[in-house]
Amino acid sequence: FSTGRLLPPTPRLQRSTMATMAARFAAAVACLALPVMGTSVTPIQKVIQLMQDMKAKGIAEKEAEATRFSSFDQWCGDQKRTKTDEINAGTASIEKLAAGIEKAPLSRSGHSMGQ
Numbered sequence: 110f111s112t113g114r115l116l117p118p119t120p121r122l123q124r125s126t127m128a129t130m131a132a133r134f135a136a137a138v139a140c141l142a143l144p145v146m147g148t149s150v151t152p153i154q155k156v157i158q159l160m161q162d163m164k165a166k167g168i169a170e171k172e173a174e175a176t177r178f179s180s181f182d183q184w185c186g187d188q189k190r191t192k193t194d195e196i197n198a199g200t201a202s203i204e205k206l207a208a209g210i211e212k213a214p215l216s217r218s219g220h221s222m223g224q
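The opening position of the sequence shown corresponds to residue 110 in the numbering used here, with each subsequent residue numbered one higher.
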């Protein structure tokens with residue numbers, strides 16, 4: 110008589126099921142390794158080729174970016190030196206003019222401020 114419940118699988122049934130699944134998996138892998146429609150490239154080989162192409166493209170882009178960055182870094186360094194030199198020259202000019210103003214005698218003949 111049956112209670113309507115399924116009994117747990119026996120160890121023999123479990124081994125049989127696992128063997129069947131392993132055989133199916135091996136067959137699937139073997140199918141992937143076979144040439145597709147008469148070509149000499151398997152899907153796995155195609156994936157490997159695509160990954161190698163992607164790696165080569167990434168390396169090329171990295172090198173191009175390194176070159177662009179090097180040029181930009183050089184430009185930034187040049188601009189920093191130029192601007193620093195211009196600021197120093199301007200500061201020196203201001204100091205020189207301020208010293209000249211301090212040394213200049215005040216004119217009382219109407220050219221002074223307030224008259």
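Backbone N, C-alpha and C fix where the C-beta goes; we use that ideal spot for every residue, glycine too.
As the structure is a prediction and not an experimental result, all values here were calculated from the model.
query: Alpha-carbon spacing of Lys184 relative to Thr193, whole angstroms; result: A small fix is needed here, since residue 184 is Trp in this sequence, not Lys. Computed Cα separation, rounded: 14 Å.
query: Straight-line Cα distance separating Gln188 from Lys205; result: 25 Å
query: Boundaries of the alpha helix (DSSP H) in which Val156 is found, first to last residue; result: 152-212
query: C-beta atoms of Val150 and Gln158 nearer than 9 Å; result: yes
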